[in-house]
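Student: Got a structure here, written out as structure tokens. Questions coming.
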Amino acid sequence: MMQYIADKTKASKTNIELVLKHEQAYINKAHENAKGKDVDIDGDDLADYILSRKDVKLDELTVESILDAEMDYLMDKGHAGYVD
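Numbered according to my numbering, the sequence shown terminates at residue 367, and the numbering increases by one at each position without gaps.
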């Protein structure tokens, strides 16, 4: 997955790992707050959360590109999808 994202975004492995680390923390927190219910993650809220982290020095376009490439990869593999 890392190579797929890097190829699509031209982002460094370090930046990809940083974005995915904060994404996972956001998702974990959402699951905790859902108390067993389905979790709906808003992409804009997720990007804003990642950009608000002190160690993230990336621009919004880079963060969103990494997240979009990850979603493309997961959808291609049948692990994720969008809810209308």
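Even glycine gets a Cβ: it sits at the ideal position worked out from N, Cα and C.
(1) In terms of residues, what are the limits of the alpha helix (DSSP H) holding Asp-328?
(2) Is His-305 buried or exposed, if buried means 16 or more other CB atoms sit within 10 Å of its CB?
(3) Nearest-angstrom Cα distance between Gln-286 and Met-354?
(4) Put Ala-294 into one of helix, strand or coil per three-state DSSP.
(5) Give every residue of the same chain whose Cβ lies closer than 8 Å to the Cβ of Val-346, excluding the five residues on either side of it in the sequence, and list them in chain order.
Tutor: With the structure as the only source:
(1) 326 to 335 is the extent of the alpha helix (DSSP H) around Asp-328.
(2) By the C-beta density criterion, His-305 is buried, having at least 16 other C-beta atoms within 10 angstroms.
(3) Between the C-alpha atoms of Gln-286 and Met-354 there is a straight-line separation of about 14 Å.
(4) Residue state, collapsed to three classes: coil.
(5) Residues Val-302, Ala-330, Ile-333, Leu-334 and Val-339 of the same chain have their beta carbon placed closer than 8 Å to that of Val-346, with the five preceding and five following residues left out of the count.
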